[in-house]
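Residue numbers (our numbering): 19 to 91. C-beta atoms are modelled at their ideal positions from N, C-alpha and C, and glycine is treated no differently. To start, the structure itself, in C-alpha cells.
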Ligand code: SF4
Ligand code: SF4
C-alpha cells in the first residue's frame, strides 16, 4: 500500500459529478463512487497515496475539497 503524504476531506453533497478531479489527480487516487449524493451525482472517493498536491482543490468548480498535508514523521 502506498504511503499518503496528504489527505483530502470531500464534501460529497457539494459535488456535481463533473469528474474533473479524477483526471487532475497526479497519483490517480480519486475514484468516482458507485453511489450518488442527495442531488443524484456520483462523487469522488479517496484511496491511499494522496500527496496533498491540491490539484483536485484547484480544478473543482464546486469547492468540494479541503486538502491537508501530513507532517513528516
Ligand atoms: S491533493 Fe493531489 S494527490 Fe491528493 S487527492 Fe487531490 S489531486 Fe490527488
Ligand atoms: S471536480 Fe468537484 S464537482 Fe467535479 S466531480 Fe470532482 S469533486 Fe465533484
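With 16 other CB atoms within 10 Å as the buried threshold, where does residue i fall?
i          : result
residue 49 : exposed
residue 27 : exposed
Can you name the start and end residues of the beta strand (DSSP E) that residue i belongs to?
i          : result
residue 28 : 24-28
residue 4  : Lying outside 19 to 91, the shown extent of the chain, residue 4 is not represented and no answer is given.
Identify the continuous alpha helix (DSSP H) that holds residue i and give its terminal residues.
i          : result
residue 77 : 73-77
residue 36 : Note, residue 36: premise wrong, no alpha helix (DSSP H); not H, not E.
What number of angstroms, rounded off, separates the C-alpha of residue i from the C-alpha of residue j?
i          : j          : result
residue 59 : residue 35 : 5 Å
residue 53 : residue 29 : 14 Å
residue 63 : residue 37 : 11 Å
residue 44 : residue 61 : 18 Å
Using DSSP bridges, identify the partner residues of residue i.
i          : result
residue 64 : 48
Checklist entry - Residues near ligand 1, CB to any non-hydrogen atom under 7 Å, in chain order? => result Going down the chain, each residue whose beta-carbon is closer than 7 Å to a heavy atom of ligand 1 shows up: 24, 26, 39, 42, 43, 44, 45, 47, 48, 64, 68, 69, 70, 71, 72, 73, 74, 75, 83, 85.
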